[in-house]
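Be aware that the sequence shown starts at 1, since it is given in UniProt numbering, and climbs by one per residue. Glycine included, each C-beta is placed from N, C-alpha and C at the ideal position.
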Amino acid sequence: MDVAREFPHCSAVAVDLVPMQSIHMPANCRSEVDDINLGLEHFYGDFNVVHVQLISAGIRDYHAMINQISHVLRPGGLIDITEYPFYFTGPDKKPIIKPKGSFEPPWTALWMSYASRAITARGGSTDAALHLPDWISSNPAFEDVVVRDSWMPASPWLKGDDPETIFWNDIAVTLREDMKVFMRSGRPLLLGHGLSADFVDAMEHNACQELDEAKTPLYALIRNVYARKRL
(Lines of atoms letter the chains of each structure in order from A and count residues from 1; the text may use other names and numbers.)
(Lines give C-alpha, C1' and ligand atoms only; values in the text may rest on other atoms or scores of the structure.)
Protein backbone atom coordinates (compact mmCIF):
# COMPACT_ATOMS: atom_id res chain seq x y z
CA MET A 1 0.00 0.00 0.00
CA ASP A 2 2.89 2.35 0.70
CA VAL A 3 4.13 1.93 -2.87
CA ALA A 4 0.65 2.59 -4.25
CA ARG A 5 0.40 5.78 -2.20
CA GLU A 6 3.87 7.00 -3.13
CA PHE A 7 3.31 6.33 -6.82
CA PRO A 8 -0.38 7.10 -7.44
CA HIS A 9 0.07 6.76 -11.21
CA CYS A 10 0.96 3.04 -10.91
CA SER A 11 -1.22 -0.04 -10.51
CA ALA A 12 -0.16 -2.23 -7.57
CA VAL A 13 -1.15 -5.79 -6.67
CA ALA A 14 -0.53 -7.14 -3.15
CA VAL A 15 -0.38 -10.94 -3.03
CA ASP A 16 -0.68 -12.86 0.24
CA LEU A 17 -2.21 -16.01 1.69
CA VAL A 18 -4.79 -13.94 3.56
CA PRO A 19 -6.77 -10.93 2.31
CA MET A 20 -5.57 -7.47 3.28
CA GLN A 21 -8.11 -6.07 5.69
CA SER A 22 -7.60 -2.34 5.38
CA ILE A 23 -10.27 0.30 5.02
CA HIS A 24 -7.62 2.64 3.64
CA MET A 25 -6.68 0.63 0.55
CA PRO A 26 -5.54 3.07 -2.18
CA ALA A 27 -7.67 3.05 -5.30
CA ASN A 28 -4.66 1.99 -7.40
CA CYS A 29 -3.94 -1.09 -5.23
CA ARG A 30 -5.79 -4.39 -5.11
CA SER A 31 -5.29 -7.42 -2.87
CA GLU A 32 -5.10 -10.94 -4.27
CA VAL A 33 -5.26 -14.07 -2.12
CA ASP A 34 -2.87 -16.59 -3.61
CA ASP A 35 -0.31 -19.27 -2.74
CA ILE A 36 2.66 -18.45 -4.92
CA ASN A 37 4.00 -21.97 -4.37
CA LEU A 38 1.39 -22.94 -6.96
CA GLY A 39 3.11 -20.78 -9.58
CA LEU A 40 3.13 -17.25 -10.96
CA GLU A 41 2.30 -18.06 -14.57
CA HIS A 42 -0.88 -15.98 -14.45
CA PHE A 43 1.30 -12.89 -13.84
CA TYR A 44 3.79 -13.46 -16.67
CA GLY A 45 4.67 -10.25 -18.50
CA ASP A 46 2.43 -8.06 -16.33
CA PHE A 47 4.75 -6.07 -14.05
CA ASN A 48 7.61 -3.57 -14.10
CA VAL A 49 8.51 -4.15 -10.43
CA VAL A 50 8.29 -7.26 -8.24
CA HIS A 51 8.99 -6.73 -4.53
CA VAL A 52 9.35 -9.71 -2.18
CA GLN A 53 9.91 -9.38 1.55
CA LEU A 54 10.38 -11.96 4.31
CA ILE A 55 8.41 -14.85 2.82
CA SER A 56 11.08 -17.57 2.70
CA ALA A 57 9.56 -19.52 5.60
CA GLY A 58 6.58 -20.35 3.41
CA ILE A 59 8.30 -20.95 0.06
CA ARG A 60 9.14 -24.53 -0.92
CA ASP A 61 11.40 -23.75 -3.89
CA TYR A 62 12.74 -20.20 -3.67
CA HIS A 63 15.16 -20.65 -6.57
CA ALA A 64 12.31 -21.66 -8.87
CA MET A 65 10.27 -18.68 -7.67
CA ILE A 66 13.05 -16.30 -8.73
CA ASN A 67 13.02 -17.85 -12.18
CA GLN A 68 9.27 -17.33 -12.37
CA ILE A 69 9.68 -13.71 -11.30
CA SER A 70 12.02 -13.24 -14.27
CA HIS A 71 9.03 -14.08 -16.49
CA VAL A 72 6.61 -11.92 -14.50
CA LEU A 73 8.80 -8.87 -15.15
CA ARG A 74 8.75 -6.93 -18.36
CA PRO A 75 12.11 -6.10 -20.03
CA GLY A 76 13.93 -3.51 -17.95
CA GLY A 77 11.86 -4.36 -14.89
CA LEU A 78 13.14 -4.48 -11.30
CA ILE A 79 13.31 -7.48 -8.97
CA ASP A 80 13.69 -6.43 -5.32
CA ILE A 81 13.96 -9.12 -2.62
CA THR A 82 14.59 -8.83 1.13
CA GLU A 83 15.05 -11.89 3.35
CA TYR A 84 16.47 -13.05 6.69
CA PRO A 85 18.52 -16.28 7.14
CA PHE A 86 16.82 -17.40 10.38
CA TYR A 87 19.80 -17.12 12.68
CA PHE A 88 21.36 -14.49 14.91
CA THR A 89 25.04 -13.67 15.14
CA GLY A 90 27.37 -12.26 17.71
CA PRO A 91 29.51 -9.13 17.19
CA ASP A 92 31.82 -11.27 15.03
CA LYS A 93 28.92 -11.69 12.55
CA LYS A 94 29.28 -15.49 12.71
CA PRO A 95 26.01 -17.49 12.87
CA ILE A 96 24.95 -18.78 16.27
CA ILE A 97 23.22 -22.07 15.47
CA LYS A 98 22.52 -24.20 18.51
CA PRO A 99 22.33 -28.00 18.04
CA LYS A 100 19.18 -30.01 18.63
CA GLY A 101 18.72 -30.82 22.31
CA SER A 102 20.62 -27.81 23.63
CA PHE A 103 19.11 -25.45 26.19
CA GLU A 104 21.50 -22.60 26.87
CA PRO A 105 22.01 -18.90 26.13
CA PRO A 106 21.94 -16.84 24.11
CA TRP A 107 18.25 -17.68 24.36
CA THR A 108 17.08 -15.63 21.42
CA ALA A 109 19.55 -17.39 19.14
CA LEU A 110 18.52 -20.73 20.66
CA TRP A 111 14.84 -20.07 19.92
CA MET A 112 15.63 -19.15 16.33
CA SER A 113 17.75 -22.28 15.89
CA TYR A 114 14.79 -24.46 16.83
CA ALA A 115 12.41 -22.37 14.71
CA SER A 116 14.70 -22.67 11.69
CA ARG A 117 14.78 -26.46 11.95
CA ALA A 118 11.01 -26.60 12.33
CA ILE A 119 10.43 -24.36 9.30
CA THR A 120 12.87 -26.38 7.20
CA ALA A 121 11.10 -29.60 8.20
CA ARG A 122 7.84 -28.10 6.90
CA GLY A 123 9.44 -27.26 3.56
CA GLY A 124 10.39 -23.61 4.10
CA SER A 125 13.48 -22.06 2.52
CA THR A 126 15.20 -20.75 5.65
CA ASP A 127 18.56 -20.32 3.91
CA ALA A 128 17.20 -18.40 0.91
CA ALA A 129 18.77 -15.11 2.04
CA LEU A 130 22.23 -16.67 1.80
CA HIS A 131 21.69 -17.85 -1.78
CA LEU A 132 19.92 -14.80 -3.22
CA PRO A 133 23.06 -13.19 -4.70
CA ASP A 134 24.03 -16.38 -6.55
CA TRP A 135 20.52 -17.27 -7.65
CA ILE A 136 19.84 -13.85 -9.12
CA SER A 137 23.33 -13.29 -10.56
CA SER A 138 23.32 -16.69 -12.27
CA ASN A 139 19.93 -16.12 -13.86
CA PRO A 140 20.57 -14.96 -17.45
CA ALA A 141 17.47 -12.77 -17.34
CA PHE A 142 19.00 -10.36 -14.80
CA GLU A 143 21.79 -7.79 -14.83
CA ASP A 144 23.11 -4.98 -12.60
CA VAL A 145 22.74 -7.08 -9.43
CA VAL A 146 23.18 -5.18 -6.15
CA VAL A 147 23.48 -6.82 -2.72
CA ARG A 148 22.90 -4.81 0.47
CA ASP A 149 23.39 -6.33 3.93
CA SER A 150 22.09 -4.64 7.08
CA TRP A 151 23.27 -5.90 10.46
CA MET A 152 20.56 -4.93 12.94
CA PRO A 153 20.98 -5.29 16.70
CA ALA A 154 18.34 -7.62 18.14
CA SER A 155 17.89 -5.36 21.16
CA PRO A 156 19.16 -1.85 22.04
CA TRP A 157 22.43 -3.12 23.51
CA LEU A 158 24.77 -0.79 21.60
CA LYS A 159 26.70 1.61 23.83
CA GLY A 160 27.06 5.31 23.09
CA ASP A 161 25.00 8.43 22.47
CA ASP A 162 26.24 9.35 19.00
CA PRO A 163 23.61 9.71 16.24
CA GLU A 164 24.47 6.39 14.56
CA THR A 165 24.21 4.40 17.80
CA ILE A 166 20.92 6.08 18.67
CA PHE A 167 19.63 5.31 15.16
CA TRP A 168 20.41 1.60 15.38
CA ASN A 169 19.16 1.26 18.95
CA ASP A 170 15.86 2.82 17.89
CA ILE A 171 15.57 0.21 15.14
CA ALA A 172 16.50 -2.48 17.68
CA VAL A 173 13.56 -1.51 19.88
CA THR A 174 11.20 -2.23 17.00
CA LEU A 175 13.03 -5.44 16.07
CA ARG A 176 12.84 -6.61 19.68
CA GLU A 177 9.07 -6.20 19.75
CA ASP A 178 8.73 -7.90 16.37
CA MET A 179 10.79 -10.80 17.66
CA LYS A 180 8.54 -11.19 20.70
CA VAL A 181 5.47 -11.31 18.46
CA PHE A 182 7.22 -13.85 16.22
CA MET A 183 8.03 -16.05 19.20
CA ARG A 184 4.43 -16.00 20.41
CA SER A 185 3.07 -16.81 16.97
CA GLY A 186 5.75 -19.47 16.45
CA ARG A 187 4.79 -21.48 19.54
CA PRO A 188 2.47 -23.88 17.62
CA LEU A 189 5.25 -24.41 15.08
CA LEU A 190 7.71 -25.54 17.75
CA LEU A 191 5.13 -27.70 19.51
CA GLY A 192 4.29 -29.32 16.19
CA HIS A 193 7.98 -30.07 15.69
CA GLY A 194 8.01 -32.23 18.80
CA LEU A 195 9.18 -29.85 21.53
CA SER A 196 7.35 -29.97 24.85
CA ALA A 197 5.21 -27.06 26.02
CA ASP A 198 7.40 -26.62 29.11
CA PHE A 199 10.54 -26.48 26.96
CA VAL A 200 9.05 -23.96 24.52
CA ASP A 201 7.60 -21.77 27.27
CA ALA A 202 10.85 -21.67 29.23
CA MET A 203 12.88 -20.91 26.13
CA GLU A 204 10.53 -18.10 25.09
CA HIS A 205 10.50 -16.66 28.61
CA ASN A 206 14.30 -16.63 28.76
CA ALA A 207 14.58 -15.12 25.28
CA CYS A 208 12.11 -12.32 26.07
CA GLN A 209 13.96 -11.58 29.30
CA GLU A 210 17.25 -11.52 27.40
CA LEU A 211 15.83 -9.09 24.85
CA ASP A 212 14.36 -6.83 27.54
CA GLU A 213 17.63 -6.70 29.46
CA ALA A 214 19.41 -5.70 26.22
CA LYS A 215 22.80 -6.89 27.46
CA THR A 216 23.47 -9.75 25.04
CA PRO A 217 25.13 -8.54 21.81
CA LEU A 218 23.17 -10.17 19.00
CA TYR A 219 22.72 -9.12 15.38
CA ALA A 220 20.16 -10.05 12.74
CA LEU A 221 21.27 -10.02 9.12
CA ILE A 222 18.71 -8.53 6.74
CA ARG A 223 19.75 -9.04 3.11
CA ASN A 224 18.36 -7.08 0.18
CA VAL A 225 19.14 -7.98 -3.43
CA TYR A 226 17.84 -6.13 -6.44
CA ALA A 227 18.51 -6.32 -10.17
CA ARG A 228 17.18 -5.35 -13.59
CA LYS A 229 15.70 -7.65 -16.17
CA ARG A 230 17.64 -7.42 -19.40
CA LEU A 231 16.05 -5.55 -22.29
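Legend entry - Presumed contact (8 Å Cβ cut-off) between leucine 73 and isoleucine 79, rounded CB distance: 6 Å
Inset, instruction - Locate the alpha helix (DSSP H) running through cysteine 10, then write down its first and last residues. - result: Cysteine 10 -> no alpha helix (DSSP H), and no H or E assigned at all.
Legend entry - DSSP-derived helix/strand/coil call for leucine 221: strand
Legend entry - C-beta atoms of serine 56 and asparagine 28 nearer than 8 Å: no
Inset, instruction - Measure the CB-CB distance between isoleucine 136 and threonine 126 and report whether it falls below 8 Å. - result: no
Legend entry - Cα-Cα separation between histidine 205 and threonine 165, rounded to whole angstroms: 27 Å
Inset, instruction - Please go through the same chain and pick out, in chain order, the residues whose beta-carbon is closer than 6 Å to the beta-carbon of leucine 189, but skip the five residues on each side of it. - result: Ala118
Inset, instruction - Name the residue from Glu104, Trp151, Pro163, Arg187 whose alpha carbon lies nearest to the alpha carbon of threonine 89. - result: Trp151
Legend entry - Close beta carbons around proline 75, own chain, < 8 Å, minus the five adjacent residues each side: Lys229, Arg230, Leu231
Legend entry - Nearest neighbour of residue 275, chosen from Ala202, Val181, Pro156 [CA to CA]: Lying outside 1 to 231, the shown extent of the chain, residue 275 is not represented and no answer is given.
Legend entry - Nonlocal neighbours in the same chain, by C-beta distance under 8 Å from leucine 17, ignoring five residues either side: Val33, Asp34, Asp35, Gly58
Inset, instruction - Mind checking who glutamine 53 pairs with in its DSSP beta bridge? - result: Thr82
Inset, instruction - Using alpha carbons as the reference points, say which of Ala128, Arg122, Gln68 lies closest to leucine 54. - result: Ala128
Inset, instruction - Consult DSSP for isoleucine 97 and reduce its assignment to one of helix, strand or coil. - result: coil
Inset, instruction - Would you check if the region 85–104 and the region 169–178 touch, i.e. whether three or more CB-CB distances between them fall below 8 Å? - result: no
Inset, instruction - Could you tell me which of Gly124, Gln68, Phe7 sits nearest to phenylalanine 43, measuring between CA atoms? - result: Gln68
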